[in-house]
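Residue numbers (my numbering), protein chains in the order written: chain B, 740 to 1057; chain P, 740 to 1003; chain C, 4 to 320.
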């Protein structure tokens, strides 16, 4: 039994990391902001870990846990600063403009990381030391992180700040008329998401042993966005489940491919066509589960804010 | 923030609108409008469709910027402020098209209105520190009282989008009151109501004024309601102020009659 | 001290790549103007066009993928293949509209959902290509533009400024399309109706305009243009793989935001500006070329989100 657990340990850790990234996307979503910036902060966090552990404190044996914590704090700090610097100007935009701006931000980061020496260029950084003897021990880090994030999100929905988030998502104009400063709260939500993504990146870098520009890409944004959208946008449980599910999906498909006596093309499809399945799931998801699977509901209303960014000039009064 | 809330003093108008103009491209929606609103006055704003009334409200509450002119609340310049700053000065409003937070319950809608008066931030709130918890509890209590005041006590937990139209209007007023405003702007509060309901609303608004010492400005289409309720009325047509004064005077003003010709 | 001929060379190169950006972005912005969405599948259609033309010219695909070594028993001349392939892509675009977008519109779902759906479609198309014919790169046969000289010299004999003919073709195609579209949209009845639909679908419907027909036509034209652009890139450079269109798709965003979402001349202007700016990136920093477009995009969004020629969106309250 323990062996089974050990075999699945990498998958479990990946799934929890996926859930964390889902949450990091969910936070700005609570204020109605469609931000695809999380993978960018995730990448930055990973590079922090990679650079620290291979260049600043190179270690041949087990990487000390206090250095890991240091990396997480540094990544949190950098994510905060970067989140503020990027967030404050960018969050003035609405709807699709905001989404595009965050895509551009991630792309610029990716291009820089591809070309700078310190990030190892296209090859990236490899040989990142492990802080643990076996994979399962990563749970010591990721599980508390997940639990703390969940508690925070759960509490958030019941307190003033969280209600302000939701009010902004429901109707930003009305929220403003009630004395809520939208920029303040949008930036707060954005930065919180950035911090979570950055810290997750630190852990992921050690977990994966290498880190390169492919870790923070537009594709990654799409995958996490999908997991949040399909998982459910109304509560924080949705992105957690969605993130886990979509991380597990490739593995599920791989095991499906090993079912005996399948026609060859189907086997190949399960092996290589998982992105096709992804795409199909996205299209079907939007057609039949517009509010996601977990607690349908809010999505349409939240999108009203999105629509503001897409509306044309109308000079008639309503 | 709360220190600069406007307070009543007898000699100062609560709101001064000075030569306010707003253009949208070639269209002049509000054209050099000026008027004062006195302390605890019920002030009516009427005019045909497209006259610029809601635009004027939007200018007062900071949703849009004036092309020229100024607005003062209790001698403080507010025309350059953002909506949430103006709300902090004690100016609350309802919307012509009801902008409630549909997915939130009635209670939660009004709790959001208590935002400025609740002492709880991200850290203290998440940690559940005593003063934050206390603040949240108080906000909930106050919200409950306001909901009961507008007669929605039995539908506290109903989602705002599921309430009837009339109930939604009442909820919006409760939410606006949650701000503890000095000035309340009501945009067509009687829209969609039958004559009975309008009468009840009229009494209700008067009660609000005395109970909360409010200065109330309302946009309204239904002329008899306005005539019976308001202390003074301003009439807009094509963005211009064409009459201002007590109801009987305004009613007999030839310019006003002409503007409304053919309209109820 | 920059050499005039080098300057000119860069400029003309920029004009050429800018034209491709423009053609690609024209379709992008057309969809936005009529439906208010960013169709992320556009980039995938771009790629599809290149592959279709390649196949129609009778070229062979590699040994990867389900349809390994596929080679059609056709050998169409380039311009014919270009035309047919672009039309095929046009039809694919219409199919996408019917299958993925129309049901959402019927349900009055939020435009955001359609955008997400288009992402899904893009994923499907691109990965389907990879699954079927593998991920290698392909080059068009060298006699593609057989009747034209390889390059035309814009300079003098001792200071030559050779511009590949194919680049001139691309620029010419771009200008003709732009003129055609501008004429059609501004002066023809069809175009007027299309603008009405873009402005206000409900009213257009009430006026008896068959909005669905116009939406379908827009998708066809837009996808046609995407396929066309894809073929032009594929034939003039190479098909680098199924992900060819993705970078273009992202850069296309920069182009249309720069030019103004929904503006046709804006798409062309934006495309040319970005193309030319990229061409002037010094060779040492060529890796950062891609960052140019995105930086311009970010700056634009922060200063003037409606773009150079776009209309300012005024919120209604």
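For glycine and all other residues, C-beta sits at the position ideal for the given N, C-alpha and C.
Quick one, which of the options has its alpha-carbon nearest residue i's?
| i | options | result |
| --- | --- | --- |
| residue 833 of chain B | B:908, B:807 and B:886 | B:908 |
| residue 78 of chain C | C:61, C:86, C:241 and C:69 | C:61 |
| residue 787 of chain P | P:969, P:962 and P:967 | P:962 |
| residue 843 of chain P | B:818, B:906 and B:866 | B:906 |
| residue 31 of chain C | C:279, C:312, C:254 and C:307 | C:254 |
| residue 1059 of chain B | C:128, C:36 and C:305 | Because chain B here runs from 740 to 1057, residue 1059 of chain B falls outside it and cannot be looked at. |
| residue 833 of chain P | P:800, P:890 and P:791 | P:800 |
Within 7 Å (strictly less), CB to CB, does residue i reach chain B?
| i | result |
| --- | --- |
| residue 120 of chain C | yes |
| residue 807 of chain P | no |
| residue 761 of chain P | no |
| residue 864 of chain P | yes |
| residue 973 of chain P | no |
| residue 832 of chain P | yes |
| residue 287 of chain C | no |
| residue 1 of chain C | Since the first residue shown for chain C is 4 and the last is 320, residue 1 of chain C is missing from the structure and cannot be characterised. |
| residue 19 of chain C | no |
| residue 826 of chain P | yes |
| residue 796 of chain P | no |
| residue 247 of chain C | no |
Counting contacts by CB-CB distance shorter than 7 Å, is residue i in contact with chain P?
| i | result |
| --- | --- |
| residue 900 of chain B | yes |
| residue 958 of chain B | no |
| residue 920 of chain B | yes |
| residue 911 of chain B | no |
| residue 812 of chain B | no |
| residue 915 of chain B | yes |
For residue i, I'd like the list of residues in its chain whose CB is within less than 7 Å of its CB, leaving aside the five on either flank, ordered along the chain.
| i | result |
| --- | --- |
| residue 776 of chain P | 752, 753, 754, 782, 954 and 956 |
| residue 986 of chain B | 753, 754 and 757 |
| residue 789 of chain B | 864, 867, 944 and 950 |
| residue 204 of chain C | 214 |
| residue 920 of chain B | none |
| residue 223 of chain C | 93, 96 and 97 |
| residue 99 of chain C | 44 and 124 |
Compare the C-beta of residue i with all C-beta atoms of chain C and state if any pair is closer than 7 Å.
| i | result |
| --- | --- |
| residue 857 of chain B | no |
| residue 786 of chain B | no |
| residue 906 of chain B | no |
| residue 972 of chain B | no |
| residue 969 of chain B | no |
| residue 951 of chain B | no |
| residue 832 of chain B | yes |
Grab me the residues of residue i's own chain with a C-beta within less than 6 Å of its C-beta, minus the 5 sequence neighbours each way, in chain order.
| i | result |
| --- | --- |
| residue 868 of chain B | 792, 798 and 802 |
| residue 806 of chain B | 796 |
| residue 751 of chain B | none |
Considering only residues of the same chain and omitting the five flanking positions on each side of residue i, which have a CB-CB separation below 8 Å?
| i | result |
| --- | --- |
| residue 941 of chain B | 784, 785, 787, 788, 807, 810, 811 and 814 |
| residue 800 of chain B | 868 |
| residue 70 of chain C | 64, 135 and 136 |
Worksheet entry | Members of the segment 922-949 of chain B near chain C, C-beta cut-off 7 Å | none
Worksheet entry | the segment 751-770 of chain B: positions lying closer than 7 Å to chain P by Cβ | none
Worksheet entry | Contact list for the segment 298-315 of chain C against chain B, Cβ threshold 8 Å | 298, 300, 301, 304, 305, 308, 314 and 315
Worksheet item: Does the pairing of the segment 790-805 of chain B with the segment 1017-1029 of chain B give three or more beta-carbon distances under 8 Å?
Response: Touching, no.
Worksheet item: Do the segment 42-56 of chain C and the segment 232-249 of chain C make contact, defined as three or more Cβ pairs closer than 8 Å?
Response: Contact holds: three or more Cβ-Cβ distances are below 8 Å.
Item to complete: Taking only beta carbons into account, state which residues of the segment 874-893 of chain B come closer than 9 Å to chain P, listed in chain order.
Response: 890 and 891
Discussion item. Give me the subset of the segment 122-146 of chain C whose CB atoms are less than 9 Å from a CB atom of chain B, sorted by chain position.
Written reply: 122, 123, 124, 125, 126, 127, 128, 129, 130, 131, 133 and 134
Practice prompt. Indicate whether the contact test is met: 3 or more Cβ pairs, each with one atom in the segment 845-857 of chain P and one in the segment 938-949 of chain P, closer than 8 Å.
Written response: no
Item to complete: Kindly confirm or deny that the segment 814-826 of chain P and the segment 760-768 of chain P touch, where touching means at least three C-beta pairs closer than 8 Å.
Response: no
Worksheet item: If we count Cβ pairs, one from each stretch, closer than 8 Å, do we get three or more for the segment 834-853 of chain P versus the segment 892-908 of chain P?
Response: yes
Practice prompt. Could you name the residues of the segment 997-1020 of chain B whose beta carbon sits closer than 8 Å to any beta carbon of chain C, in the order they occur along the chain?
Written response: 1004, 1007, 1008, 1011, 1012, 1014, 1015, 1017, 1018, 1019 and 1020
Discussion item. For the pair the segment 9-29 of chain C and the segment 803-811 of chain P, tell me if three or more CB-CB distances fall below 8 Å.
Written reply: no
Fill in: Cβ contact (3+ pairs, closer than 8 Å) linking the segment 262-273 of chain C and the segment 127-141 of chain C
no
Discussion item. Any C-beta of chain B within less than 9 Å: which residues of the segment 840-855 of chain P qualify?
Written reply: 840, 841, 842, 843, 847, 848, 850, 851, 852, 853, 854 and 855
Discussion item. Counting beta carbon pairs with one atom in the segment 292-305 of chain C and one in the segment 849-865 of chain B, are three or more of them shorter than 8 Å?
Written reply: Enough Cβ pairs lie closer than 8 Å, so yes.
Discussion item. With a threshold of 8 Å, are at least 3 pairs of Cβ atoms found where one atom belongs to the segment 931-944 of chain P and the other to the segment 867-886 of chain P?
Written reply: no
Fill in: Residues within the segment 27-43 of chain C neighbouring chain B, beta-carbon criterion of under 8 Å
39, 40 and 41
Item to complete: Pull out every residue of the segment 803-829 of chain B whose Cβ sits closer than 8 Å to any Cβ of chain C, in chain order.
Response: 828 and 829
Worksheet item: Can you find at least 3 beta carbon pairs, one from the segment 824-832 of chain B and one from the segment 926-939 of chain B, that sit closer than 8 Å?
Response: yes
Discussion item. Which residues of the segment 772-796 of chain B have a Cβ closer than 8 Å to any Cβ of chain C? Give them in chain order.
Written reply: Hits within the stretch, in order: 773.
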